[in-house]
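Residue numbers for the sequence shown, in our numbering: 1 to 198.
The C-beta atom is built at its ideal place from N, Cα and C for all residues, glycine as well.
A quick note: this is a predicted structure, and the numbers were derived from the prediction, not measured.
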Amino acid sequence: MASFPPLTSKHSSKFAFLFVCFFFISTFATSVSAFQFQVGGKRGWTKPSAKHSHSYNDWAAENRFQIGDTLYFKYHKDSVLVVNSSDYESCNTSNPISKFNDGDTVFEFDRSGFFYFISGKHGHCKSGQRLVIRVMHPSEIDNEAPESAPALAPVGGSGGGWDSDNWGPPGVGHSSANKASVASTALGGMLVVLYLLI
Numbered sequence: 001m002a003s004f005p006p007l008t009s010k011h012s013s014k015f016a017f018l019f020v021c022f023f024f025i026s027t028f029a030t031s032v033s034a035f036q037f038q039v040g041g042k043r044g045w046t047k048p049s050a051k052h053s054h055s056y057n058d059w060a061a062e063n064r065f066q067i068g069d070t071l072y073f074k075y076h077k078d079s080v081l082v083v084n085s086s087d088y089e090s091c092n093t094s095n096p097i098s099k100f101n102d103g104d105t106v107f108e109f110d111r112s113g114f115f116y117f118i119s120g121k122h123g124h125c126k127s128g129q130r131l132v133i134r135v136m137h138p139s140e141i142d143n144e145a146p147e148s149a150p151a152l153a154p155v156g157g158s159g160g161g162w163d164s165d166n167w168g169p170p171g172v173g174h175s176s177a178n179k180a181s182v183a184s185t186a187l188g189g190m191l192v193v194l195y196l197l198i
């Protein structure tokens with residue numbers, strides 16, 4: 001039977017280093033896989049005007065939301081209500097699941113499925129200040145090939161890019177976040193192997 005040499009302080013410091021490396025790399029890899037979406041872009045969560053025909057739901061349809069992603073609502077003298085589907089349809093503000101009125105709300109998706117948001121200010125929901133988000137189930141994410149993601153049309157303006165005055169960030173698939181996660185894990189693994197070889 002093969003016997004292993006006893007652990008020395010040099011070996012125990014290597015194991016401690018490896019543990020710390022794996023801890024930080026796995027933390028970094030996990031943190032880069034979520035994305036924060038700013039609702040309303042620079043304008044924030046406001047009642048849509050006639051000149052801005054791009055709705056919150058049009059913006060939501062251009063994006064892919066996953067568990068762990070967040071919505072950032074910036075608003076003034078208003079509120080964000082999380083409601084059920086029937087209260088969303090009727091713009092009923094009297095029975096919210098959650099109510100936020102701090103002016104800077106970050107809402108994290110903790111499950112897949114539909115989430116319904118409306119303004120708590122009288123008349124704003126009926127004027128279009130409401131939003132439905134569909135959060136993808138993890139099985140959909142694993143099965144979706146990057147080439148099968150729909151191409152996103154430019155939003156607003158005559159240029160070919162994103163108009164930040166419209167309803168949010170450009171459509172972002174999570175392939176860049178997943179690539180960053182894989183790259184950081186691979187880099188960490190290479191660092192550990194190099195450390196062991198030294």
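Status (buried if at least 16 other CB within 10 Å, exposed otherwise) for residue 240:
The requested residue 240 is not part of the displayed model; the chain covers only 1 to 198.
Using 8 Å as the threshold, is the C-beta distance between residue 65 and residue 80 below it?
Contact: no.
Confirm, please, whether the CB-CB distance from residue 130 to residue 72 is below 8 Å.
It is not a contact, given that the beta carbons lie outside the stated cut-off.
In terms of alpha-carbon separation, which member of 117, 75 and 42 lies closest to residue 104?
When each option's Cα is compared against that of residue 104, the closest is 75.
Indicate whether residue 120 and residue 93 have their beta-carbon atoms separated by less than 8 Å.
Yes; because the gap between Cβ atoms is below 8 Å, this pair is in contact.
Alpha carbon of residue 192 to alpha carbon of residue 118, nearest angstrom
Whole-angstrom Cα-Cα distance: 49 Å.
Rounding to the nearest angstrom, what Cα-Cα distance links residue 126 and residue 91 in this structure?
The straight-line gap from Cα to Cα measures roughly 6 Å.
Tell me whether residue 195 sits in a helix, a strand or coil according to DSSP, three-state version.
DSSP places residue 195 in helix when its eight states are reduced to three.
Cβ of residue 135 within 8 Å of Cβ of residue 98?
Cβ atoms of residue 135 and residue 98: not closer than 8 Å.
The beta strand (DSSP E) that contains residue 119, what's its start and end?
Start and end: 113 to 119.
Pop quiz: residue 68 and residue 108 are said to be a contact at Cβ under 8 Å. What is the actual Cβ separation, rounded to whole angstroms?
Between residue 108 and residue 68 the Cβ distance is about 7 Å, and since that is below 8 Å, they are a contact.
8 Å CB neighbourhood of residue 46 in its chain, flanking five on each side removed
Excluding positions up to five away in sequence, the list reads 40, 75, 78 and 129.
Reduced DSSP secondary structure (H/G/I, E/B, other) of residue 32
Caution applies to residue 32, whose pLDDT of 49 falls short of 50 and renders its modelled position unreliable; the value that the coordinates give is listed next. In the three-state reduction of the DSSP assignment, residue 32 falls in the coil class, being assigned neither a helical nor a strand state.
Using only the alpha-carbon positions, how far apart do residue 137 and residue 114 sit?
Taking the straight line from one Cα to the other gives about 11 Å.
Integer Cβ distance of residue 60 from residue 132, believed to fall under 8 Å:
Indeed they touch by this definition, with Cβ atoms about 6 Å apart.
Would you mind sorting residue 83 into buried or exposed? The rule is 16 or more other CB atoms within 10 Å of its CB.
Burial check for residue 83: the Cβ neighbour count within 10 Å reaches 16 or more, so the residue is buried.
Do you know offhand how far residue 139's Cα is from residue 63's?
Taking the straight line from one Cα to the other gives about 17 Å.
Which of helix, strand or coil DSSP assigns to residue 220:
One cannot answer for residue 220 here, as it falls past the ends of the chain, which runs 1 to 198.
Limits of the unbroken alpha helix (DSSP H) element including residue 98:
Looking at the DSSP string, residue 98 is not in any alpha helix (DSSP H); the run it does join, the beta strand (DSSP E), is 98 to 100.
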